[in-house]
Every structure is written in C-alpha cells, then in structure tokens.
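Working notes, beginning with the structure itself.
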Amino acid sequence: MRVRIGHERHAAISDLLDRALNKGVVLWGEATISLAGVDLIYVGLKVLVSSVETAQQMRSTRASDPALLDVRGS
Amino acid sequence: MTMLYVYALVDTPSLDGTPLKGHDGASVFAVRCGECAAATSYLSRHTIAPRPRSVWLHERVLDALMRRHAVLPLRFATIVPDVDMLRNRLRPMYHALAGDLQRLRGKVEFALRITNIHAECPHTGDAERKSDAAQALTPGTRYLRARAERWRERIASEDAAGRIERALRQHLDPAAENAVWGFATTRSATLIASYLVERNEVPAFVAAVADVRGRHPALDVSCTGPWAPYSFVTARSPEAWS
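Those protein sequences? They're chains A and B, same order as listed. Numbering of the first sequence is given in numbering that gives the first Met the number 0, commencing with residue 0 and proceeding in unit increments. Numbering of the second sequence is given in numbering that gives the first Met the number 0, commencing with residue 0 and proceeding in unit increments.
What follows is the structure, given as structure tokens:
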C-alpha cells in the first residue's frame, strides 16, 4: 500500500530523494567523495564508492531543492 | 567490468518470492552474510546517476523486498566490485546490522512535511522592516537592522515550529514507534518529520495524520509512505562516522 495524503508528486520525489541519497546504511565514508579531481574515487582496499560525477549530481540535486536537507536529532 | 549494486540487507539468507528485476533489468539475488543477506544485482557500469527514474527503481526493489522480509535500505548508488569485498565490508558491521534488522522488523517509515507554519503562528517582524523611517537610515545601519530582523524572523519561525511540532506530536506519536523531527528555513520555514510505524498500525497513523490536517487547516501537511525505514538505521561503517 502506498499512502499519499494531501501531497503532490513533487513531495513524494523529494521525500524519496531525501532518504535514498542521504540516509540508510552507509558502507563507506562520504567525506572521501568530496575529494574531487579524479574520475573515480576509491576508499580503503580499492573499493569503488561512486564517481565524482555522481557525487556532484547528488550535491546539485540537494542544493536545488530546499526539501532535500539532512534531518538530524529529534 | 561487472560490479554489484547493493539495494538492501534482509533478515534471511535467501530472497523469497517472485524474482525481482533491478537496474538495467538485471535479476536481484542474495549474497549471504551470516544469517542475513544483501540484495544485489549485477551492474555493467562503475556508477549510477541519481536520476529520479533510477532512484524510483531502487525504491521499487526495496518496496518488493519489504513485503517479504525485514529490510535495511542501503544508500542509493552503493556499488561494490565483487561479493568478497561486500562481505568484507559487512562483516565488522554484522552485529549492528542484525540489531537494526531485529528492531525494524515489521516497521515502515512515513515522511511528513509541514509548511505554511506562520499561517498558524504569525509573527509581527515585518512592520519594522517596512517602515518608512528605516529607508532614511545609513546603509550600514540599514544592513545591521535587516540582519537583526532576519535573526528575529528565524527565532520566530523556530518558536512557531516548536509549538506546531508539540501540537502535532500529541496526535501522531501514539500511533508510531519512533519519530525524528527537523526544521529547515532554506526558502520557507518547513517542519520535516520521519515516523517509524508498525505495519499493522499504518491505518491508525494515516487516520492520525488526517485528524491533524482537520485540526490545523491553515497548515500544509504532506505525508508520503510507507518507505523503507531509512531514517532509523543506526549501523554504519567506521569510515561513515569520519
């Protein structure tokens, strides 16, 4: 069952992006992704984390949508 | 080079039910790790762009998995070179992951956004800013006054958000297991909340949201879900904390 109460499709996309890009289980530290300048970033034992392009797209997606903010604390 | 895209961790060593299709139409399969498994599919690329279509596909796989298993969602675009590397990364996190799976079994997440909060808790800071007298001030004084006004507006927004949060939680919290609230003022003051809800309590929670909307018609309350419990995962790799 997918519940959508009083929202537009934009809200569902924003909520999904907020979660899928910012939350969930993280296997690798993200700080390393910000070390741009190479096409691919490897951490620790040569583990591919993400491309710089992907990291930058994530950041620009978040920057263009005020709803895509980290929510911390309660 | 073929990579592994990892969608989620599940609480059983294998995946039950109808086979699922992941990115690029590849089959989703389980990589066993102790008593749990990672739901993965092969990916013929090193990266995947966070376009809405790809993120929705990630979500659809999670949604199907959630119907059959307890699920811990991995962050979008978690890609590993091979099974051994995946197991090596999961091994030190195993106890934390197993604890999260146990705690989150049978629970889903709902997202709430509450905007237009000043309609319910107005503040009066605009009058001073717009006064004719302010226009006669020196640029420096005008700047400092505007800055002070923005600061007052921020405080007023936080006060309003706090009052609204407390009012809404009275109605929503009893129908939920846990909640995380946040406040953003990037463009407009917005309250954002994530609620962890037992699957069999979903109708009660949805009814509580509808009740809140009825009690606070001036607020714009949106609610989406159920999502995988992204906001309530606590297990992280050591590097993720750095």
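Glycine residues also receive a C-beta, built at the ideal position from the N, C-alpha and C atoms.
| query | result |
| --- | --- |
| Measuring straight from C-alpha to C-alpha, what distance separates I116 of chain B and S156 of chain B? | 8 Å |
| Enumerated in chain order, which unbroken segments of the beta strand (DSSP E) with a length of 3 residues or greater are wholly contained in the segment 127 to 207 of chain B? | 177 to 183 and 189 to 197 |
| What is the residue span of the beta strand (DSSP E) that D219 of chain B lies within? | D219 to W226 |
| What's the C-alpha gap between S13 of chain A and C32 of chain B? | 32 Å |
| Work out the CA separation of V24 of chain A and L96 of chain B for me, nearest whole Å. | 9 Å |
| CA-CA distance, L73 of chain B and A209 of chain B? | 31 Å |
| So the candidates are B:P216, B:L19 and B:R153; which of them puts its Cα closest to the Cα of R66 of chain B? | B:L19 |
| When the cut-off is 8 Å and only beta carbons count, does F75 of chain B lie next to chain A? | yes |
| Alpha carbons only, please: which of B:V9, B:F204 and B:V5 is nearest the one belonging to R104 of chain B? | B:V9 |
| Got a sec: which bits of the segment 91 to 106 of chain B sit with their beta carbon under 9 Å from any beta carbon on chain A, in order along the chain? | M92, L96 and D99 |
| In the DSSP assignment, the beta strand (DSSP E) including V54 of chain B goes from what residue to what residue? | First-last for V54 of chain B: P51 to M65, but that is the alpha helix (DSSP H), not the beta strand (DSSP E). |
| Taking the alpha-carbon of M0 of chain B as reference, which of B:S43, B:A36, B:A7 and B:A25 has the nearest alpha-carbon? | B:S43 |
| When burial is assigned at 16 or more other CB atoms within 10 Å of the CB, is S193 of chain B buried or exposed? | buried |
| Would you call G21 of chain B buried or exposed, if buried means 16 or more other Cβ atoms sit within 10 Å of its Cβ? | buried |
| Using a Cβ cut-off of 8 Å (strictly closer), state whether P51 of chain B contacts chain A. | yes |
| Terminal residues of the continuous alpha helix (DSSP H) containing V82 of chain B? | V82 to L89 |
| Does the count of Cβ pairs from the segment 206 to 220 of chain B and the segment 165 to 183 of chain B closer than 8 Å reach three? | yes |
| Compute the Euclidean distance between the alpha carbons of M242 of chain B and Y41 of chain B, then round it to the nearest angstrom. | Outside the displayed range of chain B (0 to 241) lies residue 242 of chain B, so it cannot be described from this structure. |
| Grab me the residues of Y229 of chain B's own chain with a C-beta within less than 7 Å of its C-beta, minus the 5 sequence neighbours each way, in chain order. | P72 and E108 |
| Since F147 of chain B meets chain A, which of its residues come closer than 7 Å, beta carbon to beta carbon? | A quick correction: the sequence has Ala, not Phe, at residue 147 of chain B. Within chain A, no residue comes near A147 of chain B; the closest Cβ sits about 24 Å away, beyond 7 Å. |
| Once DSSP output is grouped into helix, strand and coil, what is the label at Y4 of chain B? | strand |
| Counting only beta-carbon atoms, is L71 of chain B nearer than 8 Å to chain A? | yes |
| Can you have a look at H94 of chain B and say buried or exposed, based on whether 16 or more other CB atoms are within 10 angstroms of its CB? | exposed |
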